[in-house]
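With positions in the sequence shown counted from 1, the corresponding number in the numbering used here is that position plus 12.
Glycine included, each C-beta is placed from N, C-alpha and C at the ideal position.
Below you'll find the structure, written out as structure tokens, and then a few comments.
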Amino acid sequence: MPIAGTTAWNAIRAADVGPGSVVVLLGTGGVSILTLQLAKAAGATVIITSSSDEKLERARALGADHLINYRTTPDWDAKVLELTDGIGADLIVETGGSATFARSINAAASGGTVFTIGFVTGTEATANLLPIIVKALKVVGNNTGSVSDLRDAARAIAAARIEPVIDTLYSHDQAAEAYAHMAAGGRHFGKLAFTLSW
Ligand SMILES: NC(=O)c1ccc[n+]([C@@H]2O[C@H](COP(=O)([O-])OP(=O)(O)OC[C@H]3O[C@@H](n4cnc5c(N)ncnc54)[C@H](OP(=O)(O)O)[C@@H]3O)[C@@H](O)[C@H]2O)c1
Numbered sequence: 013m014p015i016a017g018t019t020a021w022n023a024i025r026a027a028d029v030g031p032g033s034v035v036v037l038l039g040t041g042g043v044s045i046l047t048l049q050l051a052k053a054a055g056a057t058v059i060i061t062s063s064s065d066e067k068l069e070r071a072r073a074l075g076a077d078h079l080i081n082y083r084t085t086p087d088w089d090a091k092v093l094e095l096t097d098g099i100g101a102d103l104i105v106e107t108g109g110s111a112t113f114a115r116s117i118n119a120a121a122s123g124g125t126v127f128t129i130g131f132v133t134g135t136e137a138t139a140n141l142l143p144i145i146v147k148a149l150k151v152v153g154n155n156t157g158s159v160s161d162l163r164d165a166a167r168a169i170a171a172a173r174i175e176p177v178i179d180t181l182y183s184h185d186q187a188a189e190a191y192a193h194m195a196a197g198g199r200h201f202g203k204l205a206f207t208l209s210w
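What follows is the structure, given as structure tokens:
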């Protein structure tokens, strides 16, 4: 909640997401899945990408409207434009970094927000500046958020009766197993979590 929840909430707020907004989420990790849940509660259309068709189906069950497998459709930005009649997305939650940043810029609508938060594929990125200028994009950075952002996120999650998706719950003495699960990459959907017994 303090990291993925607050960040997802700040993404929704940064782009003033409401009914009819188009939101693009990259992958099915903790931030993307909580943003999916908040975006659907706000009435948005959600396009989500993943390396796995099985995970995409799980995203559909949570309300995702359009599914793109970024392995079989590497030009997923073109697919976003096709799905939106050439208009693009109002919000892209840029969790990918090096491999995705330029495509996120391409997939954004005029005046859209590229909420730049992650670096799953690295921190170095190059992008054509022209679409940022011509489409007057908002490239917005974020570093989690404040305690009051967390309070607002928790309130919204409770009001929308959202249940955050926990892929696997580990006990605190299973830390090595949990980190190995995460380090394997691409295996989880949503969050991995620990129970703490102090
Ligand atoms: N700045 C902030 O405020 C902030 C806050 C929270 C997190 N973050 C950062 O945001 C990123 C995501 O965090 P998280 O907790 O959601 O991570 P996570 O749970 O580890 O999820 C990462 C997901 O990225 C997807 N992915 C991997 N390669 C990809 C690619 N080439 N294109 C698209 N998606 C790809 C995978 O989805 P599939 O398995 O479905 O393919 C994977 O599950 C991390 O870099 C994290 O450090 C930043």
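Over the uninterrupted alpha helix (DSSP H) stretch that includes A16, give me the two end residues. For A16, the enclosing alpha helix (DSSP H) starts and ends at 16–26.
Check whether the region 58–74 and the region 25–45 touch, using three or more Cβ-Cβ pairs below 8 Å as the test. Judged by pairs of C-beta atoms under 8 Å, the region 58–74 touches the region 25–45, as three or more such pairs exist.
Which class does V146 belong to by DSSP, given the choice of helix, strand or coil? It is helical.
From G202, G98, W210, T112, pick the residue whose C-alpha is nearest to that of G17; which is it? Looking at the Cα atoms, G202 is the closest of the given residues.
Have a look at the DSSP bridge pairing and note the partners of E94. DSSP lists no bridge partner for E94.
Inter-stretch contact at 8 Å, needing at least 3 Cβ pairs: the region 168–183 / the region 137–152: These segments do not touch.
Among T112, Q186, E69, D102, whose alpha-carbon lies nearest the alpha-carbon of I24? Selection T112, Q186, E69, D102 evaluated against I24 yields D102 as nearest (Cα-Cα).
Alpha carbon of Q186 to alpha carbon of S116, nearest angstrom: About 37 Å.
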